[in-house]
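*Asks:* Numbering (the working numbering), first residue to last: 11 to 560.
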Amino acid sequence: MWWKNRIAYQIYPRSFQDSNGDGIGDIPGIISRLDEIKELGVGIIWLSPVYKSPDADNGYDISDYCDINSKFGTMADMEKLFAEAAKRGIRIIMDLVINHTSDEHEWFQKSRDPASPYRDYYIWRPGKNGKLPNNWTGFFMDKAWEYDEKSGEYYLRLFDKKQPDLNYKNPKVIEEVKKILTFWLEKGASGFRCDVINIIYKTSLEDGKKSLSVQGIEHYKSQEGNHKILRELRRDVLDKYDCFTVGETVFVDLKEAKLLSDESRKELNMLFYFDHLEVDRRIAQFIPKKFRARKLLEVITKWQQGLEWNAIYFENHDQPRIVSHFGAAEKDSKYWKRSAKMLALFELTLRGTPFIYQGQEIGMTNFDFENLNELNDAMSHGLDKLMKKLCIPGFLRWNWIKASSRDNARTPMQWDESEYAGFSKAKPWLGVNGNYKKINYASQKKDPDSILNFYKAMAAVRKNSDCLIYGEFIPIYADNRLIIYQRRLKNKESQKDETYTIALNFSSRIVKIPGKFLSLFSGIPVISASGQKEFNGSLLPWDGVLVSNT
Ligand code: TEU
Ligand code: CA
């Protein structure tokens, strides 16, 4: 299966490469960097939305699914991107955002008229006793309903007020989605990353249980109606093409995830869950708590063993940078580089399809903005408002926003040390991180000891090992700092097992491998984050090693 043995790379077009000097990344910019992506060892690109959009949520609010945002280029540019990627053996998956459209989408504009055949494309309700139709709250820490003067009713919107939710009880909406899928598959797409795909079907609009998080979610998360739609899209469209889907499934637990992605059910091919990135967070991703490596191994093991196939990711356009989150960039910056390599070794020795997010391969860090005005992320602004209401003091609000803001991942890609980091000739739409002279692609390309070259080396190791791609995941040991696990694959012909052992140090101390596991490390390290060639039973600070036991 090509989508199992390739590494994927996520591009957030707005921040990847600007080609025409307007400070916004674009499709010709992506085309100009395909060789760099290829060199990394990548075989799939996930492209965040490039569709026509008023950009209330950076393109996740689509006003025409079959047209390109003029900021990013034209349909001809997009066709060229498919062709140029194909020449390099790279397949592209599109971002499918179908829980909601933009309020500027033609369907919604027509829907505002109660007599229109489009009325039922969205979820309209009158208020209840002069109040909102129910007590739900949305994902941007806000109410979930918006009043429309023209209609005299409220529409449901779980995200921004410019992102009205579609009504999946209406079979016409599902037919429209099939047309969109077909349109892009015919153009050359090889699949879809499906935005918030486990919440599209709203079973009821009853009041939700009181909650500090997303109130009302029990009425629409991973519902039977949702499963049915996924099977229908698979049967009627997706199965006719050589393509795959990866669902973004919010607040998903393992049981739901299995129902959504077990192959026999013919729904999604794999999915993004959030558990592993929340081991040091409370209330989803917002409030920090102490990191413990033991907890991380526990969560990773649960998902690695629990699902038939995993989508593996440590970063995306909604998450802080991994080297700032689990790595040393903020805790002990002298180990920034080694910890980034250790995390690369970690991600690329897990079972599943790995997704690398732009900039991760050079160890880009969280932003260095100093106040809320420098931020663009609607979610950070929503969080600040909510925390203000709860009388949380300013310094705490800012600390939590800094740790969680989606803009951490959205600052422009750092290509070289010229002004604006080689991303653009003009002032970019979002500030460039001040560390771009130290952290950039061009300098790492030349440096054999760089994070970039470590990613390339790891990608090559993985590519040549069925064991690292498909092998069983076996947890061995963990404490507050150290994680040890193995990957094992039975070789059907020789009846011999192929085994690798991996150890990771999440601290600035030297850690000793406990005596009873030392024998697992007697082989020669295939690769280590510190570059150390011999392994003497201790891991250097923030080091990671991969040993072959075969
Ligand atoms: O994200 C879903 C979403 O709600 C995330 O912001 C999520 O709440 C958070 O990461 C949980 O930890 C998707 C897109 O990835 C995001 O960019 C969009 O804003 C959102 O859907 C709406 O389309
Ligand atoms: Ca541009």
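Think of the CB as a built atom: it goes at the ideal place given N, C-alpha and C, for glycine as much as any other residue.
(1) Taking 8 angstroms as the cut-off, does the CB of Arg416 come closer than this to any heavy atom belonging to ligand 1?
(2) Taking the Cβ atom as the reference point for each residue, do Glu508 and Asp476 lie within a distance shorter than 9 angstroms?
(3) Let me know if Cys76 comes out buried or exposed under the rule of 16 or more other beta-carbons within 10 Å of its beta-carbon.
(4) Is the stretch 221-239 close to the stretch 143-153, with three or more CB pairs under 8 angstroms?
(5) Should Gln314 be listed as close to ligand 1, given that the test is whether its C-beta is under 8 angstroms from any heavy atom?
(6) For Phe336 and Leu168, what's the separation of their Cα atoms in angstroms?
(7) Under three-state DSSP, which class holds Thr359?
(8) Does the Cβ-Cβ distance between Lys172 and Asp67 come in under 9 angstroms?
(9) With hydrogens ignored, establish whether the beta-carbon of Gln65 is closer than 8 angstroms to any heavy atom of ligand 2.
(10) Work out the CA separation of Glu371 and Phe324 for me, nearest whole Å.
(11) Answer yes or no: do Pro485 and Glu318 have a C-beta to C-beta separation smaller than 9 angstroms?
(12) Determine the burial state of Gly404: buried for a count of at least 16 other Cβ atoms within 10 Å of its Cβ, exposed for fewer.
(13) Tell me which residues share the same chain as Val521 and place their Cβ nearer than 6 angstroms to its Cβ, disregarding the 5 neighbours each side in the sequence.
(14) Hey, is Glu258 close to ligand 1, as in C-beta under 8 angstroms from one of its heavy atoms?
(15) My assumption, with CB atoms under 8 angstroms, is that Asp170 sits in contact with Ala419. Please give the rounded CB distance.
(16) Can you pull every residue whose C-beta falls closer than 5 angstroms to some heavy atom of ligand 2, listed in chain order?
(17) Rounded to a whole number of angstroms, what is the C-alpha to C-alpha distance between Trp56 and Ile209?
(18) Judging by CA-CA distance, which residue of Asn546, Gly533, Glu544 is the nearest neighbour of Ser558?
(19) Given this structure, state the Cα-to-Cα distance separating Arg135 from Val224, to the nearest angstrom.
(20) Per DSSP, what kind of secondary structure is Ile310 in: helix, strand or coil?
(21) Suppose the cutoff is 8 angstroms on Cβ atoms and the five residues either side in sequence are ignored; what does the same chain contact list for Ile449 look like?
(22) Can you tell me the Cβ-Cβ gap for Met280 and Ser271, rounded? I've got them flagged as a contact below 8 angstroms.
(23) Here's a check: name, in chain order, each residue in its chain whose Cβ is nearer than 6 angstroms to the Cβ of Asp285, leaving out the five neighbours to either side.
(24) Using only the alpha-carbon positions, how far apart do Lys90 and Gly39 sit?
(25) Quick one, are the C-beta atoms of Trp291 and Ser414 less than 9 angstroms apart?
(26) Distance, Cα to Cα, Ser35 vs Lys500?
(27) Do Tyr61 and Ser42 come within 9 angstroms of each other at the CB atom, strictly closer than that value?
(28) Helix, strand or coil for Phe254? Go by DSSP, reduced to three states.
(29) What I want to know is whether the C-beta of Tyr70 ends up closer than 8 angstroms to one or more non-hydrogen atoms of ligand 1.
(30) Are Phe282 and Glu266 close, meaning C-beta to C-beta below 9 angstroms?
*Replies:* Reading it off the structure:
(1) yes
(2) Against a cut-off of 9 angstroms, the Cβ pair of Asp476 and Glu508 comes out as a contact.
(3) exposed
(4) yes
(5) no
(6) Looking at the two C-alpha atoms, the distance is approximately 30 angstroms.
(7) coil
(8) yes
(9) Reading the sequence as shown, one finds Asp at residue 65 and not Gln. Incorrect: Asp65 has no Cβ contact closer than 8 angstroms to ligand 2.
(10) 11 angstroms
(11) no
(12) Exposed.
(13) Arg491, Leu492, Asn515, Leu549
(14) yes
(15) The distance from the Cβ of Asp170 to that of Ala419 is about 19 angstroms, inconsistent with a contact at the 8 angstroms cut-off.
(16) Matched residues: Asp28, Asn30, Asp32, Ile34, Asp36.
(17) 21 angstroms
(18) Nearest of Asn546, Gly533, Glu544 to Ser558, Cα basis: Gly533.
(19) 20 angstroms
(20) helix
(21) Within the same chain, Ile372, Gly373, Met374, Thr375, Gln424, Asn443 come within 8 angstroms of Ile449 by CB-CB distance, once the 5 residues on both sides are set aside.
(22) 6 angstroms
(23) Val309
(24) Roughly 12 angstroms separates the two Cα atoms.
(25) First, the residue type needs correcting, since residue 291 is Arg and not Trp in the sequence shown. Yes, Cβ-Cβ distance for Arg291 and Ser414 is below 9 angstroms.
(26) One detail in the question is off: residue 35 reads as Gly in this sequence, not Ser. Between Gly35 and Lys500, the C-alpha separation is close to 45 angstroms.
(27) no
(28) strand
(29) yes
(30) no
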